[in-house]
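All remarks here apply to the structure that follows.
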Amino acid sequence: MTLFSDFLESRVSPNDPTVPLTADSLMSYVYGDAAGDAGVVVTPQSSMRMSAVWRCVAVTAGVSSALPLHVYADGSKKRLKEPLLAEPHPELTRLELWRLTYVHRLLWGNGYLQKVRNRVGQVVELWPVRPWRVTPGRVKPRSSNPSGKVFAVVDDEGRTQDLTSREILHLPHLSIDGTEGLSPIGAARQAVGLAQAAEASGSRFFGRGAQLSGVLQVEQRLTKDQAEALQNRWEARHSGTGNAHKIAVLDSNAKFAPITMPLRDAQFLETRQFQVPEIARFFGVPLFLLFETAKSTSWGTGLEQQAQGWVVFDLQPTWLAPTEQRISKELLIPGREARYNVDGLLRGDSAARAAFYNVMRQVGAYSANDIRDRENLPPVEGGEVYLQPMNMVPLGTEPPADPEPAEPPVDDEPDDQDDEEDGDDDD
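Residue numbers (UniProt numbering): 1 to 427.
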């Protein structure tokens with residue numbers, strides 16, 4: 001029995017049982033759901049050849065991993081040192097490790113990090129695990145695995161190991177079962193497949209060089225040499241930037257018919273343009289971050305508002321907050337929490353920040369160290385003092401009475417002494 005014998009025997013045309021299904025069905029059988037309706041196999045690796053996908057993944061993973069990640073005591077603003085988050089891997093930097101993890105989550109929907117513990121059980125290192133080698137699942141909870149979550153991990157030698165949450169840190173994307181995250185590429189397979197098909201079609205179209213700019217027609221029949229000579233003279237007179245916009249004079253009833261782009265080719269360009277916002281919508285990235293401003297504002301204030309909206313409505317709740325909570329739950333001791341510092345993404349220009357800090361400082365909302373913390377600066381001694389304007393009192397209370405003027409100082413020296421001195425002078 002051959003590899004496809006079962007497929008060819010059982011999957012036949014409903015109209016004629018003797019006729020096998022098409023090649024698209026064969027592709028769907030081999031690759032499963034990876035083959036979309038466009039007939040293109042879409043995988044996380046192949047989708048990265050699309051510029052829109054590349055940019056969405058690069059900007060989301062790059063910004064998320066570059067943000068400062070600090071550890072605080074619960075309810076405190078004091079930063080605590082955490083060696084694991086400062087140096088989580090012996091080779092990769094902190095940014096490289098977390099960027100790789102975010103790329104896995106963006107493409108496969110799941111990021112996995114293996115926890116390496118020391119002799120006393122503390123996690124001292126984090127090692128990335130390829131998501132396509134991991135299959136999450138659940139078993140009956142036990143004392144050694146209260147959640148019942150297990151991860152079937154295939155190692156480099158092809159052996160499968162069953163690990164638990166004690167060994168694996170799992171960072172899923174959106175999920176419908178609480179066990180495994182959904183892949184954005186899987187959800188966007190039709191959109192990405194259509195974009196890949198359009199790009200491949202365009203490459204073939206221009207690669208073949210079959211598109212003509214025009215046709216020169218004459219009434220008499222020309223030999224091969226005459227046709228080539230006429231073509232060369234025409235190109236010499238009317239090709240190149242120096243001959244642009246010149247008027248052509250034709251004799252002997254000759255006619256020149258320009259060939260414009262057919263409607264199907266114009267639709268091909270429209271398809272490519274449409275797929276960019278479609279892919280960006282799946283990843284939640286604003287178009288200006290994909291350098292697509294045709295349908296978006298390109299002014300500074302508008303871009304600033306879009307960037308802040310992206311941080312508030314997508315980056316923070318979709319990527320940052322789940323990472324903070326998972327790190328706090330599985331990597332830190334109770335009473336500590338990890339938080340990203342996103343103030344650098346949300347703050348405006350220096351003049352606007354200075355005016356904001358000045359007002360907040362004057363009304364007593366911020367201390368000097370609060371401002372320094374938002375600017376990612378270390379605290380200073382005495383910077384925890386909160387100021388309060390003297391002319392501000394609770395609503396409905398009488399303002400404090402003005403203090404009475406102080407009595408003039410009493411002169412301890414009697415005036416008689418001065419009189420005696422005056423009398424001595426008279427003598």
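Beta carbons: idealized from backbone N, C-alpha and C, even for Gly.
Please report the distance separating the alpha-carbon of A365 from that of K77. Distance from the CA of A365 to the CA of K77, rounded to the nearest whole angstrom, comes to 14 Å.
Counting pairs of beta carbons, one from the stretch 163-180 and one from the stretch 132-140, are three or more of them closer than 8 Å? Contact holds: three or more Cβ-Cβ distances are below 8 Å.
Can you tell me the Cα-Cα spacing of G75 and L377, whole angstroms? In a straight line, the C-alpha of G75 is about 20 Å away from that of L377.
Please report the Cβ distance between A338 and L346, rounded to the nearest whole angstrom; I am assuming they are in contact, meaning their Cβ atoms lie under 8 Å. That belief does not hold up - the Cβ atoms of A338 and L346 are roughly 19 Å apart, past 8 Å.
Measuring only the C-alpha atoms, how far is Y386 from Q362? Approximately 9 Å, taken between the alpha carbons.
Quick one: what's D162 bridged to in DSSP? Paired residue(s): A152.
Range covered by the alpha helix (DSSP H) that runs through G62: For G62, the enclosing alpha helix (DSSP H) covers residues 51-66.
Straight-line Cα distance separating G186 from W108: Those two C-alpha atoms are separated by around 8 Å.
Taking DSSP as the reference, what is the three-state secondary structure of V359? In this structure, V359 counts as helix in the three-state DSSP scheme.
Per DSSP, what kind of secondary structure is A73 in: helix, strand or coil? When secondary structure is reduced to three states using DSSP, A73 falls in the strand class.
Range of the contiguous beta strand (DSSP E) that encloses residue 430: Absent from the model: residue 430. The displayed extent of the chain is 1 to 427, so no value can be given.
Contact set for G148: own chain, Cβ-Cβ below 7 Å, skip 5 residues either direction: Counting only residues of its own chain and dropping the five nearest sequence neighbours on each side, G148 has a CB closer than 7 Å to the CB of R138, V139, K140, P141.
Neighbourhood of E330 by C-beta, 6 Å cutoff - its chain only, sequence neighbours within 5 removed: Shown here for E330: same chain residues with a beta carbon closer than 6 Å to its own, the five before and five after excluded, namely L169 in chain order.
Check whether the Cβ atoms of V42 and R189 sit closer than 8 Å, and answer yes or no. Yes, the Cβ-Cβ distance between V42 and R189 is below 8 Å.
Spell out a yes or no on whether the stretch 122-136 and the stretch 98-114 are touching, meaning 3 or more CB-CB pairs, one atom from each, closer than 8 Å. Inter-segment contact for the stretch 122-136 and the stretch 98-114 is present: three or more beta-carbon pairs are separated by less than 8 Å.
Out of curiosity, what's the CA-to-CA distance linking L85 and M360? So the alpha carbons of these two residues sit roughly 32 Å apart.
Where N232 sits in the DSSP three-state scheme: In the structure shown, N232 falls within a helical segment according to DSSP collapsed to helix, strand and coil.
Pull up the distance between the alpha-carbon of H89 and that of Q388, whole angstroms please. Their Cα atoms are separated by approximately 47 Å.
If you draw a straight line from the C-alpha of V123 to the C-alpha of P334, how long is it? Across the structure, V123 and P334 are spaced so that their CA atoms are roughly 14 Å apart.
Considering W98, what are the terminal residues of the alpha helix (DSSP H) in which it resides? Where W98 is concerned, the enclosing alpha helix (DSSP H) stretches over 94-108.
Specify the secondary structure class of P334 as computed by DSSP and reduced to three states. Looking at P334 - three-state DSSP - the assignment turns out to be coil, as it is neither helix nor strand.
Under three-state DSSP, which class holds V311? It is helical.
Going by Cα to Cα distance, which pick from F288, W127, R326, G383 is closest to Q308? Taking only the C-alpha atoms, the option nearest Q308 is F288.
Where E278 falls: helix, strand or coil (DSSP): In the displayed model, E278 falls within a helix according to three-state DSSP.
The beta strand (DSSP E) with P90 in it runs from where to where? Here P90 belongs to no beta strand (DSSP E), and DSSP marks it neither H nor E.
Integer Cβ distance of C56 from A280, believed to fall under 8 Å: Yes, they are in contact, since the Cβ atoms of C56 and A280 sit about 6 Å apart, within 8 Å.
Proximity to D145 [Cα-Cα], best of D155, E157, L163: Looking at the sequence itself, residue 145 is Asn, so the reference to Asp does not match. Scanning D155, E157, L163 for the CA closest to the CA of N145 turns up L163.
For the alpha helix (DSSP H) that contains I185, what are its first and last residues? First-last of the alpha helix (DSSP H) with I185: 184-187.
Which of the three DSSP states, helix, strand or coil, is assigned to S175? If DSSP states are grouped into helix, strand and coil, S175 belongs with the strands.
Rounded to whole angstroms, what is the Cα-Cα separation between V380 and T101? Rounded to the nearest angstrom, the two C-alpha atoms are 35 Å apart.
On the DSSP bridge assignment, give the partners of Q114 in chain order. Paired residues: W127, I168.
Name the one or two DSSP bridge partners that L320 has. DSSP output for L320 lists no bridge partner at all.
Quick check: the Cα distance between A58 and W310, rounded to an integer number of angstroms? Their Cα atoms are separated by approximately 15 Å.
Which residue wins for smallest C-alpha separation from A294, given the options E304, F282, G284, V276? Among E304, F282, G284, V276, the Cα nearest to that of A294 is on V276.
Cβ pair L171, T323 closer than 8 Å: Contact: yes.
Please state the DSSP three-state secondary structure of G181. It is a strand residue.
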